[in-house]
Amino acid sequence: MTYSNEMSEQETEIGSVMTYYNNIGVAAIDLTGNVKVGDTIIIRGHTTDVEHVIDSMEIEHKSVQEAKSGDQIGIKVASKLRKKDRVYKK
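If you count by numbering that gives the first Met the number 0, then the sequence shown holds residues 0 to 89, one letter each, in order.
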């Protein structure tokens with residue numbers, strides 16, 4: 000795994016982490032782009048560099064298959080994330 004805060008040409012910024020619920024391993028993400036189940040995302044921050052395939056996501060505690068700019072989603076992730084970490088779609 001490389002630790003780089005540089006975005007590659009194949010990545011598009013799609014949002015940022017609003018909060019991370021450590022006790023349940025869920026990140027709340029404010030979207031500025033579109034995302035769907037099956038997409039690979041990369042979360043980067045000062046001490047964060049995580050690649051994750053979205054296997055499920057929720058809006059207002061309801062499971063959804065896709066979300067668009069302006070939505071706030073919740074996804075389960077194994078790694079600890081931090082507020083304001085940036086989210087990119089690969």
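Ideal Cβ positions, reconstructed from N, Cα and C, are used throughout, including at glycine.
- prompt: Where does T31 sit, in a helix, a strand or coil, going by DSSP?
  reply: Reading the sequence shown from its first residue, position 32 is the one you call residue 31. If DSSP states are grouped into helix, strand and coil, T31 belongs with coil.
query: What is the C-beta distance between K35 and E65, in whole angstroms, given that I count them as a contact (C-beta under 8 Å)?
result: As a position in the sequence shown, residue 35 is number 36, starting the count at 1. As a position in the sequence shown, residue 65 is number 66, starting the count at 1. Right, their Cβ atoms sit about 4 Å apart.
Span separating the alpha-carbon of H45 from that of H60: Counted from its first residue, the sequence shown places residue 45 at position 46. Counted from its first residue, the sequence shown places residue 60 at position 61. Those two C-alpha atoms are separated by around 29 Å.
task: Figure out for me which residue from G37, A26 and I41 has the closest Cα to the Cα of Q71.
output: Numbered from its first residue, the sequence shown carries residue 71 at position 72. Among G37, A26 and I41, the Cα nearest to that of Q71 belongs to A26.
query: For S68, which residues from the same chain have a beta carbon less than 7 Å from its beta carbon, with the 5 sequence-adjacent residues on both sides left out?
result: Taking the first residue of the sequence shown as position 1, residue 68 is located at position 69. Same-chain partners within the cutoff: L30, T31, G32 and N33.
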